[in-house]
Amino acid sequence: MNKPNLKQSSLRSVALFEGAKGLLVLLTTLALFRYIHADWQAMADKIVRHFHLDPTGKYPHILLTMAANITQPKILALGAGAIAYVAIRFAEAYGLWHNRRWAIILGIVSSGIYLPFEINELIARQSLLSMLILTLNIVVIIVLWLGRPKKL
């Protein structure tokens, strides 16, 4: 069995990262579907009361407003979008693991498409999390670019 070289190891690291993102969204989606028939408004009220939050505060108000507007069709649409995202992440992870050209292109495009939004978020709200997410995304793009076949 051949030991992976640095290029393969780098692509496999990105594959694991992308697969982990897909798995996280899949688990979140399954949890969402588990509570599809729940009373979201009652749950949001309970959370706000449990943490002794002011319901008129900015974030508790956003949570309560969102919970009041949740409907089963909206949850199903959100779930369908999440499943599509998961499928793309898992396909990309598989392709990167097996050093497929299409997966490298997909990875560069799907990571690059977020850059303007992440830069805008960092400018609007300078935080460690925003900086970390932008940095990770740039590192992924660089690893994929360096790992690409010379003729794309």
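Heads up: the sequence shown begins at 25 in the numbering used here, then just goes up one per residue. Cβ coordinates follow ideal geometry from the N, Cα and C atoms, glycine included.
In the three-state scheme derived from DSSP, where H, G and I count as helix and E and B as strand, ILE162 is classed as helix. Within the model, the alpha-carbon separation for LEU100 versus ASN29 is close to 43 Å. In this structure GLU42 is in contact with LEU120, their Cβ atoms being roughly 7 Å apart against a cut-off of 8 Å. ALA55 carries a helical assignment under DSSP once its states are collapsed to helix, strand and coil.
Straight-line spacing of the CA atoms in LYS174 and GLY136 works out to 19 Å. Between VAL133 and VAL38 the beta-carbon gap is near 14 Å, outside 8 Å, which marks them as no contact. As the crow flies, the alpha-carbon of GLY171 is around 46 Å from that of LEU88.
DSSP, read as helix, strand or coil, puts GLN150 in coil. The beta carbons of PHE57 and GLY105 sit no closer together than 8 Å.
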